[in-house]
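Have a look at the structure below before the remarks.
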Amino acid sequence: MQKVIIITLLLLITFSSSLKSQEGIENLFDELKAAHHDTTRANTLLKIAQLYANNNPDSSFYWLSRIYLLEQNESLTTAAIDYYKGLAHIEKAKVYILHNRDLNLALQQNDSAISIFYPLLKNKPNKYLANKILQGLATAYSLNGKVYLLTGSLNSSINSYESALKVLDSLDHKIGVAKMNNNLGVLNRRISNYPKAIEHFQAALNYFQSNNDTVAVASILTNMGAVSHDIGAYEKSLENYFSALAMLEKFNEDESVALTLVNIGGVLVDSKNVLESISYYNRALAIFEELKDKRGRATTLLSIGVAYKEAEILDSASLFLLQAEKLYKQNSDKMGQADALYEMGQVLLKQQKYSDARYNLSMALELAQKINFQSVISGVQYHLAVIEYKLGNFEKAKLYALKAVDSSHENNMLSLQKDAHGLLSSIYEEMSEVGLSLKHHKQYFALNDSLYILHSANKFAEMEALYRLEQKELEIQKLQHENELKDVLLHNAELKILWQKAHTY
Numbered sequence: 002m003q004k005v006i007i008i009t010l011l012l013l014i015t016f017s018s019s020l021k022s023q024e025g026i027e028n029l030f031d032e033l034k035a036a037h038h039d040t041t042r043a044n045t046l047l048k049i050a051q052l053y054a055n056n057n058p059d060s061s062f063y064w065l066s067r068i069y070l071l072e073q074n075e076s077l078t079t080a081a082i083d084y085y086k087g088l089a090h091i092e093k094a095k096v097y098i099l100h101n102r103d104l105n106l107a108l109q110q111n112d113s114a115i116s117i118f119y120p121l122l123k124n125k126p127n128k129y130l131a132n133k134i135l136q137g138l139a140t141a142y143s144l145n146g147k148v149y150l151l152t153g154s155l156n157s158s159i160n161s162y163e164s165a166l167k168v169l170d171s172l173d174h175k176i177g178v179a180k181m182n183n184n185l186g187v188l189n190r191r192i193s194n195y196p197k198a199i200e201h202f203q204a205a206l207n208y209f210q211s212n213n214d215t216v217a218v219a220s221i222l223t224n225m226g227a228v229s230h231d232i233g234a235y236e237k238s239l240e241n242y243f244s245a246l247a248m249l250e251k252f253n254e255d256e257s258v259a260l261t262l263v264n265i266g267g268v269l270v271d272s273k274n275v276l277e278s279i280s281y282y283n284r285a286l287a288i289f290e291e292l293k294d295k296r297g298r299a300t301t302l303l304s305i306g307v308a309y310k311e312a313e314i315l316d317s318a319s320l321f322l323l324q325a326e327k328l329y330k331q332n333s334d335k336m337g338q339a340d341a342l343y344e345m346g347q348v349l350l351k352q353q354k355y356s357d358a359r360y361n362l363s364m365a366l367e368l369a370q371k372i373n374f375q376s377v378i379s380g381v382q383y384h385l386a387v388i389e390y391k392l393g394n395f396e397k398a399k400l401y402a403l404k405a406v407d408s409s410h411e412n413n414m415l416s417l418q419k420d421a422h423g424l425l426s427s428i429y430e431e432m433s434e435v436g437l438s439l440k441h442h443k444q445y446f447a448l449n450d451s452l453y454i455l456h457s458a459n460k461f462a463e464m465e466a467l468y469r470l471e472q473k474e475l476e477i478q479k480l481q482h483e484n485e486l487k488d489v490l491l492h493n494a495e496l497k498i499l500w501q502k503a504h505t506y
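For what it's worth, the numbering used here labels the leading residue of the sequence shown as 2, then goes sequentially.
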């Protein structure tokens, strides 16, 4: 299946991630010098760190370190100092994520913030500070969810987002709850829990529709389109994507427009319309080039390469995947580079260039392990097992396949787990270990049956959800018609009164 781009709505409610143009660095330095209270100093230090975060992360870290030097005085209590230290940890985590540095360090910073915030809450601070601490907790959990999502640790990501959702619900932070529902929809979709994904997406959609947030509605529709795409409901998927596309184009959301075009291309690839998909990919590529968005260009080149791979046009696939890998490497995007190398390895495997395939897959595995990119790790282990099996190296093939079974099981990648069991059955048969071959053969068919049952259940769940949506749309149309009728009757009544007044006069 072609890759689908999902849209997460990351919650960063502690401080705005962008500063107004007039709040230049010089103004902030003047503000810092003129500050009479340490609360003002702490807030200004955070703003300075944020301003440096994009282009000078080391300076950002320096200004955040100044927060740790604050001391208790009349304007700043011990609890307040600890609160600001927690925020400094969160800001450091944001920088690590922004620059795709060691994401494990981002997790450590967020966990440090969480370990500060919970003891503060136990001491029952005043309501204002308690709310601020809870907002910090929600942000830390949300960032952890993002990091785990980036590294493919999906169950951990779900746990983090669920923790964020609970905190936000306690704050009655409605927009935050809606964003977390979207993100949980994204994660449940990734682990193939489609009924749960639809439930979360629908909750988010209800909020954003009621608040006329068109761009957010478009994002949710894009994600719901991904669910339809996954289960093979391509017509419904395209309906969602094209609805989202129209909204995004209206509001000139160029980046999201391009990402949606990539998703439309993906549906067309999976519905065997590869040539038609290329036109949408080219439109996306043109937008990303105009935006000078290297990451977007790399993503689109990767998608085109995967499209040609699926269509068995392997030379073209290699050409685009090589371009994508080069661009990801220039951007120091280890995840993208690992993904491109992984796809390139699969192309070379199809071409029976086993030595080159092994090299690319091994490079992908090395990168993926550095950043804990679980989905690529599992996939690479499986394909390395396939290579060794085809070369007759059954002992090596067995070791890779067993690792693939374990990692795919841990990350709930049922389809890959099924394929790994099937491969192990063949490997053990070649090794004349009939009992083990039969064992994995049974597990293969058990997973195959489970996937069929799951697919059927998910198909039913989506049909039920779509039915509810259609009923809701009909109810809305009915209310609109009733309101229009009331307006007409009211207008006629006003005309009648005016006529009567004129006649009396």
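Cβ coordinates follow ideal geometry from the N, Cα and C atoms, glycine included.
Beta-carbon contacts of residue i that lie in its chain and below 7 Å, excluding the five residues immediately before and after
i           : result
residue 374 : 152, 153, 336, 339
residue 50  : 61, 64, 65, 92
residue 506 : With a pLDDT of 42 at residue 506, under the threshold of 50, the modelled position of that residue is not reliable, and no figure is offered here.
residue 379 : 405, 408, 409, 412, 414, 417
residue 77  : 39, 40, 71
Length of the line joining the Cα atoms of residue i and residue j
i           : j           : result
residue 179 : residue 438 : 48 Å
residue 350 : residue 230 : 27 Å
residue 47  : residue 89  : 7 Å
residue 22  : residue 293 : Note that residue 22 scores a pLDDT of 41, beneath 50, so its modelled location is shaky and nothing firm can be said.
residue 137 : residue 126 : 14 Å
residue 25  : residue 53  : 11 Å
residue 461 : residue 226 : Unreliable positioning characterises residue 461 in this predicted model, as indicated by a pLDDT of 49, which lies under 50. A coordinate reading is not provided.
residue 58  : residue 364 : 28 Å
residue 1   : residue 352 : The structure shown does not extend to residue 1, since the chain spans only 2 to 506, so no value can be given for it.
residue 42  : residue 258 : 41 Å
residue 251 : residue 245 : 10 Å
residue 206 : residue 175 : 12 Å
residue 518 : residue 181 : Residue 518 lies beyond the range of the chain shown here (2 to 506); nothing can be said about it.
residue 320 : residue 228 : 30 Å
residue 344 : residue 311 : 11 Å
residue 173 : residue 129 : 14 Å
residue 264 : residue 256 : 13 Å
residue 443 : residue 304 : 35 Å
residue 280 : residue 249 : 19 Å
residue 204 : residue 187 : 13 Å
residue 517 : residue 96  : Outside the displayed range of the chain (2 to 506) lies residue 517, so it cannot be described from this structure.
residue 73  : residue 372 : 39 Å
residue 36  : residue 197 : 50 Å
residue 276 : residue 346 : 23 Å
residue 403 : residue 247 : 46 Å
Identity of the residue in the options nearest residue i by Cα
i           : options            : result
residue 447 : 415, 427, 428, 436 : 415
residue 150 : 189, 132, 131      : 189
residue 142 : 366, 118, 123, 131 : 118
residue 290 : 224, 328, 40       : 328
residue 324 : 313, 298, 334      : 298
residue 398 : 408, 386, 392      : 386
residue 271 : 342, 247, 238      : 238
residue 417 : 433, 164, 377      : 377
residue 400 : 204, 429, 285, 73  : 429
residue 342 : 358, 388, 372      : 358
residue 195 : 177, 232, 170      : 232
Proximity below 8 Å, CB of residue i to CB of residue j
i           : j           : result
residue 405 : residue 383 : yes
residue 410 : residue 425 : no
residue 235 : residue 268 : yes
residue 322 : residue 348 : yes
residue 104 : residue 168 : no
residue 242 : residue 223 : yes
residue 208 : residue 184 : no
residue 155 : residue 412 : yes
residue 84  : residue 133 : yes
residue 160 : residue 108 : no
residue 284 : residue 262 : yes
residue 334 : residue 44  : no
Any non-hydrogen atom of the ligand ADP within 7 Å of residue i CB
i           : result
residue 172 : The ligand ADP is not part of this structure, which contains no ligands at all.
Interface flag, residue i vs chain D, CB-CB below 8 Å
i           : result
residue 343 : Protein chain content of the structure displayed is limited to a single chain, and chain D is not contained in it.
8 Å CB neighbourhood of residue i in its chain, flanking five on each side removed
i           : result
residue 210 : 218
residue 99  : 54, 55, 58
residue 166 : 178, 181, 182, 185
Neighbourhood of residue i by C-beta distance below 6 Å, restricted to the same chain and skipping five residues each side
i           : result
residue 115 : 141
residue 81  : none
residue 286 : 301
- Query: In the stretch 379–463, which residue ranges form an unbroken alpha helix (DSSP H) of at least 4 residues, counting only runs that do not cross its ends?
  - Reply: 395–411, 415–431
- Item | Every unbroken beta strand (DSSP E) within the stretch 284–343, with a cutoff of 3 residues, ordered by chain | none
- Let me know the alpha helix (DSSP H) ranges lying completely inside the stretch 44–73, each 4 residues or longer, listed in chain order. 58–68
- Query: What are the uninterrupted segments assigned as beta strand (DSSP E) that are 3 or more residues long and contained completely in the stretch 167–242, given in chain order?
  - Reply: none
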